[in-house]
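Peer 1: Read left to right, the sequence shown gives residues 0 to 243 (numbering that gives the first Met the number 0).
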Amino acid sequence: MEKVFSRTKGLKDKEFSYCGGCLHSVVHRLVAENLEEMGLLSSAIGVCPVGCAVFMYDFINCDMIEAAHGRAPAVATGVKRTHPGNLVFTYQGDGDLASRGMAEIVHAANRGENFTVIFINNGIYGMTGGQMAPTTLVGQKATTCQAGRDPKMHGMPIHMAEMLATLDLPCYIERVSPIDPAGVRKTKAAIKKAFTKQLEGKGFSFVEVLSNCPTQWGMTPVDSLTWVKEHVMEVYPLGVKKER
Ligand SMILES: Cc1ncc(C[n+]2csc(CCOP(=O)(O)OP(=O)(O)O)c2C)c(N)n1
Ligand code: SF4
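1. Does DSSP put Cys144 in a helix, in a strand, or in coil?
2. Would Gly50 pass as a contact of Gly9 if the rule is Cβ separation under 7 Å?
3. For ligand 2, is there a heavy atom less than 6 Å away from the beta-carbon of Gly125?
4. Report the residue from Lys240, Tyr235, Val3, Thr76 whose alpha carbon sits nearest the alpha carbon of Leu136.
5. Quick one: measure Cβ to Cβ for Ala97 and Val87, integer angstroms, because I've assumed they're closer than 8 Å.
6. Please confirm whether any heavy atom of ligand 3 lies closer than 6 Å to the CB of His23.
7. Are there any heavy atoms of ligand 1 lying less than 6 Å away from the beta-carbon of His68, as far as the coordinates show?
8. Among Arg6, Val30, Met0, Ala102, whose alpha-carbon lies nearest the alpha-carbon of Arg184?
9. From Lys192 to Ser204, what does the alpha carbon distance come to, in whole angstroms?
10. Can you tell which of Tyr171, Gln215, Ala107 has its C-alpha closest to the C-alpha of Gly238?
11. Provide the residue span of the alpha helix (DSSP H) that contains Arg80, from first to last.
12. Tell me which same chain residues have a C-beta within less than 6 Å of the C-beta of Ala108, skipping the five on either side of it?
13. As an exercise, report each continuous beta strand (DSSP E) stretch of at least 3 residues that is fully enclosed by the stretch 97 to 130, in chain order.
14. Please name the residue, chosen from Thr89, Glu36, Ser16, that lies closest to Gly248 on a Cα-to-Cα basis.
15. Look at the Cβ atom of Ala141, then the Cβ atom of Gln130, and state whether they are nearer than 7 Å.
16. Is there contact between the stretch 67 to 84 and the stretch 101 to 121, where contact requires at least three CB pairs shorter than 8 Å?
17. Taking all protein chains shown into account, decide if Val3 is buried (16 or more other Cβ within 10 angstroms of its Cβ) or exposed.
18. Which class does Tyr56 belong to by DSSP, given the choice of helix, strand or coil?
19. Just mark Glu112 as buried or exposed, buried being the case when its beta carbon has 16 or more other beta carbons within 10 Å.
20. Name the one or two DSSP bridge partners that Tyr90 has.
21. For the beta strand (DSSP E) containing Leu209, name the first residue and the last one.
22. Looking only at its own chain, which residues have a Cβ that is under 6 Å from the Cβ of Val78, when we skip the five neighbours before and after it?
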């Protein structure tokens, strides 16, 4: 019988620590497959976030370094500038990137640093118990806004992809979502394109992934994917926001 799928060498032989149905696992696999298929496993350097993906170095089979909360773009800047021949990427949640790390990401993008950011937007702080994130939808409940996000009190959801696309130097910014097979293929292709542009020396690349958090959203995995499709995508439209 023809073998049509096998585990990528980009993943270590270690069980994920993520909750069942969490898309962090899927995005890890897509990063790992791209690294393997592009022959980058021995030269890539990833920067782990603070958040549920803090242990990403246990799963991805390339060199990885840990950054303090929100500081992954600063760490990646140093790593890339001292290792310009290596592929460098950060992997960050919305609490990490768009809250604590907002200044870091804006300035790294504005400097056009030649690394890739994979931004996991699940609208909540997953690891710490479901607090509101800058990306939480209006009306969406979290432990720190139990009646739902109220714009008068908490402001509006932040559109990171669109905001960074206003800057001059980023070379590629796209929003994707692996909630179905077509979305998985598009997410993998977007990560590959970002890595390719970095290898071509074109500058800062950013892939925003609309993800889920069934545990802190209080939903089944299937319902959480439907929520992304019916509510999250309306607020955060998919597509390329900048490319040059
Ligand atoms: C300096 C510092 N402040 C606060 C924390 C607590 N903390 C850990 S993870 C996290 C938020 C993670 O949320 P997100 O980035 O959305 O990732 P997710 O867990 O949803 O994947 C916070 C505030 C910390 N670890 N370090
Ligand atoms: S808490 Fe949420 S983001 Fe974290 S692993 Fe579980 S489902 Fe995924």
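A virtual CB, placed ideally from N, CA and C, is assigned to each residue, including glycine. Every value quoted in this text rests on a predicted model; they were computed, and no experiment measured them.
Peer 2: By the coordinates alone:
1. strand
2. no
3. yes
4. Tyr235
5. Not confirmed; about 20 Å, so no contact.
6. The ligand content of the structure shown is limited to ligand 1 and ligand 2, which means ligand 3 is not among them.
7. yes
8. Comparing Cα-Cα distances from Arg184 to each of Arg6, Val30, Met0, Ala102, the minimum goes to Val30.
9. 9 Å
10. If you compare the alpha carbons of Tyr171, Gln215, Ala107 with that of Gly238, the shortest gap goes to Tyr171.
11. 71 to 81
12. Around Ala108: Leu163, Leu166, Pro169, Phe203.
13. 115 to 120
14. The chain is shown only over 0 to 243; residue 248 falls outside these bounds and no answer can be derived.
15. yes
16. yes
17. exposed
18. helix
19. buried
20. DSSP, once it has assigned bridges, lists Ile117 as partnering Tyr90.
21. 204 to 209
22. Counting only Cβ-Cβ distances below 6 Å, and skipping sequence neighbours, we find Ile44, Val87.
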